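When we follow the numbering used here, the leftmost residue of the sequence shown carries the number 75, and every step to the right adds one.
Don't be surprised by glycine CBs; every beta carbon is placed ideally from N, CA and C.
Please read these numbers as outputs of a predicted model, since none were measured by experiment.
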Amino acid sequence: MTPATASDASSLARDFDLRHLSPAFYANPYPVYHALRTHEPIRRMPDGSLFLTRFRDVQAVYRDPKTFSSDKTVEFKPKYGDSPLYAHHTTSLVFNDPPRHTRVRKLIAGALTARAIAAMEPGLIRLVDGLLDVAARRRRIDLIGEFASAIPVEIIGNLLDVPHDEREPLRDWSLAILGALEPALSDAQLERGNRAVSEFVDYLRELVGRRRREPGDPQHDVLTRLIQGEAGGEQLSEAELLQNCIFILNAGHETTTNLIGNGLVTLTDWPEQRAALLEEPSLIEPAVEECLRYESSNQLGNRMATVDTEIGGVEVARGTPVTLCIGAANRDPEQFAQPDRFDIRRDPNRHLAFGFGIHQCAGLSLARLEARIAIGRFVQRFPTYCLAGEPTRGGRVRFRGFAAVPVDVTPKAGPASRRAP
Ligand code: HEM
75 MTPATASDAS SLARDFDLRH LSPAFYANPY PVYHALRTHE PIRRMPDGSL
125 FLTRFRDVQA VYRDPKTFSS DKTVEFKPKY GDSPLYAHHT TSLVFNDPPR
175 HTRVRKLIAG ALTARAIAAM EPGLIRLVDG LLDVAARRRR IDLIGEFASA
225 IPVEIIGNLL DVPHDEREPL RDWSLAILGA LEPALSDAQL ERGNRAVSEF
275 VDYLRELVGR RRREPGDPQH DVLTRLIQGE AGGEQLSEAE LLQNCIFILN
325 AGHETTTNLI GNGLVTLTDW PEQRAALLEE PSLIEPAVEE CLRYESSNQL
375 GNRMATVDTE IGGVEVARGT PVTLCIGAAN RDPEQFAQPD RFDIRRDPNR
425 HLAFGFGIHQ CAGLSLARLE ARIAIGRFVQ RFPTYCLAGE PTRGGRVRFR
475 GFAAVPVDVT PKAGPASRRA P
């Protein structure tokens with residue numbers, strides 16, 4: 075869907091509406107993002123909100139949380155009414171402003187320490203190697219269902235020490251709750267999302283009760299740490315504790331699954347980059363950064379103007395909702411040379427995949443570690459892996475990824491190619 079002429083590009087920009095997107099957009103949104111950035115970088119949508127595609131505008135909004143609020147108590151009321159989804163999203167730290175955000179963030183960041191994350195590495199390697207052994211035996215696997223999604227579910231489950239035999243519903247709850255953040259929602263999606271929050275809260279209330287009776291080691295168990303709060307300092311209320319645990323479990327699932335899935339699929343499209351990674355495994359660190367930039371698993375962020383202000387010289391009235399298009403900002407030629415080129419050696423690579431400023435992702439070190447181990451070990455173990463059929467897109471605009479990707483990991487002679495012969 076690359077526009078042939080400047081006027082095609084300008085009509086692509088003019089016709090853009092986040093609530094009415096074509097299948098071509100879901101397959102490849104970048105030509106539309108380029109058209110918007112060129113012709114209407116601060117695009118007013120039919121509902122009055124603004125859609126930003128330039129790196130500098132997106133970053134400027136992230137930098138100024140006073141003028142651009144994350145609080146969703148007003149915005150989400152018409153969308154969710156008085157419902158479990160409303161209670162969940164408006165109590166999650168990502169949708170709170172200081173001072174509430176500051177105290178919850180401090181507790182969560184204090185629990186996700188570098189030491190706690192480093193301690194997860196040996197278990198993560200064992201988990202990934204076990205999944206690779208199964209893949210080697212099966213030869214054809216679904217990269218998402220049988221590899222990428224199995225990793226964060228385990229890691230985040232370990233983080234809160236959820237017993238193994240209770241983890242099964244976590245992924246579906248998470249998909250249903252995050253799915254309800256899409257710009258356009260069906261009644262069925264709303265119903266699923268609300269049911270997922272209610273079931274998740276019931277489950278966590280019970281888990282928290284057990285953990286209060288038998289606390290874990292707060293050095294390793296994030297849930298115990300959040301329950302106990304800071305000695306003589308901040309404590310979370312029951313609602314804050316339950317809703318933020320749901321948020322942590324959700325925040326780390328689909329985004330990380332998609333980072334691993336998107337990264338491994340992108341490497342099949344760029345064989346010379348895959349060959350470079352195979353030859354120099356230490357490139358995995360910048361390669362993960364490039365996967366984050368090139369196919370950002372979280373494509374959109376949202377803010378609301380708290381005062382009359384301006385963005386990039388355009389006047390913005392108080393109360394205007396603003397959508398920050400991370401996916402477009404990360405392909406902005408003003409910030410990244412040849413932005414549509416996937417280059418695992420890209421340096422500098424100051425992308426916005428984890429957001430920026432006070433709400434920047436609190437789990438970014440964990441996500442990076444998971445991706446380094448999962449993508450790095452997959453590529454080294456199956457150097458000639460290739461697609462064994464057409465991948466199925468997840469069909470979300472906010473969370474970009476695949477629902478299913480058939481891959482063939484049978485060893486083959488010769489250079490790696492995208493598809494099975
Ligand atoms: C590739 C994986 C991930 C991506 C792309 C990602 C992306 C993001 C982004 C863009 C934000 C900022 C939202 C905003 O400012 O509006 C964010 C916030 C957050 N993320 Fe992540 N995330 C990932 C993985 C994780 C993991 C593994 C965890 C937890 C273990 C996590 C926990 C959080 C938390 C707690 C926040 C809220 C921070 C705050 O509001 O202060 N994320 N994430």
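Taking the CA atoms as reference points, residue 210 sits about 48 Å from residue 80. With contacts defined as CB atoms closer than 7 Å, residue 125 and residue 397 qualify as a contacting pair. Within the same chain, Cβ atoms closer than 6 Å to the Cβ of residue 182 are found at 436, the five residues on either side in sequence being excluded.
Here residue 101 carries a helix assignment [DSSP, helix/strand/coil].
For residue 294, the closest alpha carbon among the candidates 186, 221, 287 is that of 186.
Counted as a single uninterrupted DSSP element, the stretch harbouring residue 384 is not any alpha helix (DSSP H) but the beta strand (DSSP E) occupying residues 383-385. By the Cβ-count criterion, residue 191 is buried, with 16 or more other Cβ atoms from all chains shown falling within 10 Å of its own Cβ.
Under the DSSP definition of a beta bridge, residue 239 lacks any partner. Cβ contact annotation for residue 321 (same chain, cutoff 6 Å, sequence separation greater than five): 166, in chain order. For residue 395, the secondary structure class from DSSP, reduced to helix, strand or coil, is strand. Separation of residue 234 and residue 296 (C-alpha to C-alpha, rounded to the nearest whole angstrom) is 5 Å.
In this structure, DSSP gives residue 375 an extended state, which the three-state scheme calls strand. Nearest neighbour of residue 466 by Cα position, chosen from 458, 457, 476, 472, turns out to be 476. Scanning 272, 356, 368, 256 for the CA closest to the CA of residue 153 turns up 256. Residue nearest to residue 432 within the set 325, 145, 179 is 179 (criterion: CA-CA distance). Taken atom to atom, the span from the alpha-carbon of residue 108 to that of residue 400 is near 13 Å.
The residue among 373, 150, 132 with its C-alpha nearest the C-alpha of residue 115 is 132. A Cβ-Cβ distance of about 6 Å is found for the pair residue 335 and residue 479, placing them in contact under the 8 Å criterion. Inter-segment contact for the region 137-150 and the region 405-425 is absent: fewer than three beta-carbon pairs are separated by less than 8 Å. Membership of residue 152 in the alpha helix (DSSP H) is indicated by the continuous run 150-154. In the structure shown, the three-state DSSP call for residue 470 is coil. Spatial neighbours of residue 279 in its own chain (CB-CB distance under 7 Å, excluding positions within 5 residues in sequence) are listed in chain order as 316.
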